[in-house]
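Enquirer: Residues 2 to 194 (my numbering) are what the sequence shown spells out, left to right. Backbone N, C-alpha and C define an ideal beta-carbon position, used for all residues, glycine too.
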Amino acid sequence: MKNQVFLFLGAIAVSMAVGACGGRNVEQAPAADQADTTAQAVTTVEQAVDRFLVDSIANRYGSGKINIPQVVIIDRQQNGDTVNVLGDFWVFNYDIAGDTLKCVSGGHHAGMLIVSKEDGNYRVTGFDPVTDGNTFEPSARRIFGDKYEQFHAIYSDSEAREDLRDSLTAAYVKAHNLPVKCYQDYGWPARPL
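1) DSSP three-state label for Ser140, please.
2) Starting from His109 and walking both ways along the alpha helix (DSSP H), at which residues does that stretch end?
3) Using a Cβ-Cβ cut-off of 6 Å (strictly less than) and excluding sequence neighbours within five positions of Tyr156, which residues of its own chain qualify?
4) Cβ of Asp129 within 7 Å of Cβ of Gly112?
5) Can you list, in chain order, the residues of its chain with a C-beta nearer than 7 Å to that of Val131? Leave out the 5 residues immediately preceding and following it.
6) So what's Ser64 in DSSP terms, helix, strand or just coil?
7) Taking the Cβ atom as the reference point for each residue, do Val116 and Gly63 lie within a distance shorter than 7 Å?
8) Please report the distance separating the alpha-carbon of Leu165 from that of Gly146.
9) Based on Cα-Cα distance, which residue from Ser168, Tyr123 and His177 lies nearest to Thr83?
10) Is it right to say Thr44 is buried, meaning 16 or more other beta carbons lie within 10 angstroms of its own, or is it exposed?
11) Quick check: the Cα distance between Phe53 and Trp91, rounded to an integer number of angstroms?
12) Applying the 10 Å Cβ sphere with the 16-neighbour rule, what's the burial state of Gln71?
13) Return the chain-ordered list of same chain residues with a C-beta closer than 8 Å to the C-beta of Ile75, the five sequence neighbours on each side being excluded.
14) Which residues in the same chain have their Cβ closer than 6 Å to the Cβ of Lys118, if we skip the five residues on either side of it in sequence?
15) Secondary structure at Asn178, three-state DSSP: helix, strand or coil?
16) Return helix, strand or coil for Leu41, following the three-state DSSP convention.
17) Using the DSSP secondary-structure output, state which residues sit across from Asp120 in a beta bridge.
18) Quick one: give me the first and last residue of the alpha helix (DSSP H) that Ala154 is part of.
19) What does the alpha-carbon distance come out to for the pair Leu169 and Gly121?
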């Protein structure tokens with residue numbers, strides 16, 4: 002079942018590469034740059050999640066020329082034109098050196114994204130993140146509720162997460178015709194695509 006979830010989520014993410022919240026720690030999503038948001042319609046929840054991670058989260062880290070989000074959606078809660086997306090969200094920023102994507106920064110942002118449909122397009126309008134440190138587990142339990150065990154299993158499986166990263170990075174490279182054959186985190190051997 003676990004592999005099916007990751008394969009399903011990987012297929013969703015590959016297709017994305019190609020083509021009301023009650024929490025008290027809710028961040029209002031920053032407005033995206035007008036040029037970025039009007040350049041391409043955001044007609045799915047998944048596209049809105051990716052756009053938010055690239056436009057609003059990736060820039061919190063050291064800049065890279067290429068930003069690749071990694072999204073594992075654990076649950077969706079639809080309420081009219083608003084969808085609460087519970088997930089394990091990562092973003093990786095890369096530069097290209099020769100035939101290698103060199104990871105320059107990135108990070109983990111699990112929690113609930115509030116996605117609203119406005120004028121036919123979806124956009125993230127809020128984010129209730131899991132907190133760091135000794136409040137991580139209580140905040141994750143509050144946000145994920147009865148989906149906490151599923152979140153914990155996904156969050157704790159670093160091997161499955163790296164396999165998903167391999168497939169999403171390869172799909173991104175292929176979709177964007179990048180001249181690379183592998184990606185590499187600082188201090189680690191390069192991973193072939």
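Expert: This is what the structure gives:
1) helix
2) Where His109 is concerned, there is no enclosing alpha helix (DSSP H), although the beta strand (DSSP E) it sits in stretches over Thr101 to His109.
3) Asp89
4) yes
5) Ala111, Gly112, Phe137, Ser140, Ala141 and Ile144
6) coil
7) no
8) 25 Å
9) Tyr123
10) exposed
11) 11 Å
12) buried
13) Leu87, Gly88, Asp89, Phe145, Lys148, Gln151, Phe152 and Ile155
14) Asp82
15) coil
16) Inspection of the sequence shows that residue 41 is occupied by Gln rather than by Leu. Coil.
17) Beta-bridge pairing links Asp120 to no other residue.
18) Tyr149 to Ser157
19) 27 Å
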